[in-house]
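To keep things clear, I will list the structure first and then write my remarks on it.
Residue numbers (full-length UniProt numbering): 1 to 236.
Here it is, written out as structure tokens:
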């Protein structure tokens, strides 16, 4: 997976990028005193948040993104799934895999999931954030006014983003089948704000009010079933 660093940094600096991380952090805030692996850690924003009260190891294949020479409160490992295979079995309480498997070839996802599962403790959990087809179709049709794109996504075509190369959505059922793990729960991310024009998102109260609304519905149907992203919690 290649990354457009400048566009990704720009996205993170905007209200619609910041709120996604704030929502994610709110859903992870209960995690304390655990040994955590953040696989596909990106800039390490989630690792840095979790490292406040946990021991965190971050694995990321892009050296420029990982910035391994800059000290932070977590351990950085440059590499991909081969680095996971070198880790001790059953050695992590929690594994983070956020916005990663979309960019892994579909036929390789089971291999990745089984490698992650191997280093998870018997009572550990796997936190996966994935693109949700229904939410992406809605954003393409409503926010982008791209009917052609919405139809393509509906038919299972690959998607492209500003920051990343092509990716492929996968369903919760496909994830459970590939991982052979048990679903604990799933939550919605970006249930509403991906559908609003960006001009609204620079308003004085938008960030606080939208955060409140997103958190109010993230555990509720039907909102979490049509969110742009879904946060899936799995256990062995």
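Beta carbons are placed, not taken as given, at the ideal position from N, Cα and C, and that holds for glycine. Quick caveat: nothing in here was measured; it's all calculated off a predicted structure.
- Query: At what residue ranges does the region 60-86 contain a whole run of the alpha helix (DSSP H), taking only runs of 4 or more?
  - Reply: Runs of the alpha helix (DSSP H) lying entirely within the region 60-86, each at least 4 residues long, are 63-66 and 81-84 in chain order.
- Message: Give me, in chain order, the residues of the same chain whose beta-carbon lies closer than 7 Å to that of residue 25; leave out the 5 immediate sequence neighbours on both sides.
- Response: Cβ neighbours of residue 25 beyond the five flanking positions: 49.
- Can you say whether residue 70 is buried or exposed, counting buried as having 16 or more other CB atoms within 10 angstroms of its CB? With fewer than 16 neighbouring CB atoms inside 10 Å of its own CB, residue 70 falls in the exposed class.
- From what residue to what residue does the beta strand (DSSP E) around residue 93 run? First-last of the beta strand (DSSP E) with residue 93: 92-98.
- Assess, as a yes-or-no matter, whether the region 184-203 is touched by the region 221-228 under the definition of 3 or more beta carbon pairs within less than 8 Å. The region 221-228 is in contact with the region 184-203.
- Helix, strand or coil at residue 40 according to DSSP, with G and I counted as helix: Here residue 40 sits in coil by DSSP.
- Query: Are residue 176 and residue 130 close, meaning C-beta to C-beta below 9 Å?
  - Reply: No.
- Message: Considering Cα atoms alone, identify which of 199, 6, 148 and 115 is closest to residue 80.
- Response: Relative to residue 80, the option among 199, 6, 148 and 115 whose CA is nearest is 115.
- Task: Going by DSSP, name the residue or residues bridged to residue 127.
- Result: Bridge partners of residue 127: 96 and 233.
- Item | Assigned secondary structure, residue 121 (DSSP; H/G/I helix, E/B strand, else coil) | Three-state DSSP puts residue 121 in a strand.
- Query: Which whole-angstrom value describes the C-beta separation of residue 280 and residue 207, a residue pair presumed to lie in contact below a C-beta threshold of 8 Å?
  - Reply: A query on residue 280 cannot be resolved here, the shown segment of the chain reaching from 1 to 236 and no further.
- Item | Which of helix, strand or coil DSSP assigns to residue 12 | DSSP places residue 12 in helix when its eight states are reduced to three.
- Query: In angstroms, rounded to a whole number, what distance separates the CA positions of residue 127 and residue 184?
  - Reply: Approximately 10 Å, taken between the alpha carbons.
- Query: With a CB to CB cut of under 8 Å and the five nearest residues on each side skipped, what residues in its chain are close to residue 161?
  - Reply: Spatial neighbours of residue 161 in its own chain (CB-CB distance under 8 Å, excluding positions within 5 residues in sequence) are listed in chain order as 167.
- Message: According to DSSP, residue 186 sits in a beta bridge with which residue or residues?
- Response: DSSP lists 232 as partners of residue 186.
- Verify whether the separation of the beta carbon atoms of residue 92 and residue 113 is less than 9 Å. Taking C-beta atoms as the reference points, residue 92 and residue 113 fail to come closer than 9 Å.
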